[in-house]
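Chemist: Got a structure for you, written out below as structure tokens; questions coming shortly.
Protein chains in written order, with the working numbering: chain A, -10 to 101; chain B, 224 to 335.
What follows is the structure, encoded as structure tokens:
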């Protein structure tokens, strides 16, 4: 039982490049979400999904796209990377009991 | 979202109890009080949550004031592994896809 798996763990991008951060879960959780954490700050919600085929924007959605074609996967796409997107990205899921979120171990992204 | 206020940092000695306070004077009747912690270089981890009554689990205890305007997370015997940032978060669990709004949390240092 892997829980929430994020790949890659580290990534360096050049300004203007695009990439996809992967999030996969094996807990059959309907709710999935993406957060970013900048140095010394709490996490901020980027996008979330309440089920396959349904996505919505969070607090800081600009520059990011998401899709949810399956229950298991919720990829986050950076369309044209900017230095302001340098951050640690966390994927989080929530089960039907709706108690505690399960977070992945994060992807550390640097945009130069 | 209702706001929480926590001290920026606290210090404890190993094997002593730790009381982490949180003020939430604007809490609404449907807000649950959640606590998460984030160990260095890891994603946040669910600790405990409650509504009105005090709660205990294997990780910690949560003491909620009678007027619900404040709460305290209690670690009964701190270990070095408990050194982390602790976040107190209000969450309306009746809201579909309700998000977690993170503040800056309390950095707990545990001295050997």
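Built from N, CA and C at the ideal position, the CB exists for glycine as well.
Taking C-alpha atoms, which residue in A:76, A:71 and A:50 lies nearest to residue 37 (chain A)?
Modeler: Residue A:50 is the option with its Cα nearest to residue 37 (chain A).
Chemist: Measure the C-alpha to C-alpha separation of residue 69 (chain A) and residue 1 (chain A) and round it to an integer number of angstroms.
Modeler: Using only the alpha carbons, I get a separation of about 13 Å.
Chemist: Return no unless some Cβ of chain B is closer than 8 Å to the Cβ of residue 32 (chain A).
Modeler: Answer yes: the Cβ-Cβ gap between residue 32 (chain A) and chain B drops below 8 Å somewhere.
Chemist: Output the boundary residues of the beta strand (DSSP E) element that contains residue 287 (chain B).
Modeler: Segment 284 to 287, the beta strand (DSSP E) holding residue 287 (chain B).
Chemist: Whose C-beta lies closer than 6 Å to the C-beta of residue 97 (chain A) among residues of the same chain, with five residues either side of it excluded?
Modeler: The residues are -1 and 77.
Chemist: Flag residue 357 (chain B) as yes if its beta-carbon sits less than 8 Å from any beta-carbon of chain A, otherwise no.
Modeler: No answer is possible for residue 357 (chain B): it lies beyond the span of chain B, which begins at 224 and ends at 335.
Chemist: Would the beta-carbon of residue 74 (chain A) fall within 8 Å of that of residue 83 (chain A)?
Modeler: Against a cut-off of 8 Å, the Cβ pair of residue 83 (chain A) and residue 74 (chain A) comes out as no contact.
Chemist: Mind checking the region 50 to 68 of chain A against chain B and listing, in chain order, the residues whose C-beta falls within less than 7 Å of any C-beta there?
Modeler: Going along the region 50 to 68 of chain A in chain order, one finds no residue with a Cβ nearer than 7 Å to chain B.
Chemist: What's the call for residue 101 (chain A), buried or exposed, on a 16-neighbour Cβ count within 10 Å?
Modeler: That one is exposed.
Chemist: So what does DSSP say about residue 57 (chain A), is it helix, strand or coil?
Modeler: Three-state result, residue 57 (chain A): coil.
Chemist: Exposed or buried, which one is residue -4 (chain A) when buried takes at least 16 other CB atoms within 10 Å?
Modeler: Label assigned to residue -4 (chain A): exposed.
Chemist: Please report the distance separating the alpha-carbon of residue 241 (chain B) from that of residue 298 (chain B).
Modeler: Their Cα atoms are separated by approximately 5 Å.
Chemist: Which whole-angstrom value describes the C-beta separation of residue 309 (chain B) and residue 89 (chain A), a residue pair presumed to lie in contact below a C-beta threshold of 8 Å?
Modeler: Not a contact, Cβ separation roughly 14 Å.
Chemist: So residue 309 (chain B) contacts chain A; which residues on that side make the cut at Cβ distance below 9 Å?
Modeler: Under the 9 Å cutoff, chain A gives no residues; its nearest Cβ is about 11 Å from residue 309 (chain B).
Chemist: Closest to residue 272 (chain B) by C-alpha separation, out of B:260, B:265, B:261 and B:285, would be which residue?
Modeler: Nearest option by C-alpha distance: B:285.
Chemist: Compare the C-beta of residue 328 (chain B) against all C-beta atoms of chain A and say whether one is closer than 8 Å.
Modeler: Closer than 8 Å: yes.
Chemist: Taking C-beta pairs closer than 7 Å, name the residues in chain A that residue 265 (chain B) reaches, listed in chain order.
Modeler: Simply 94.
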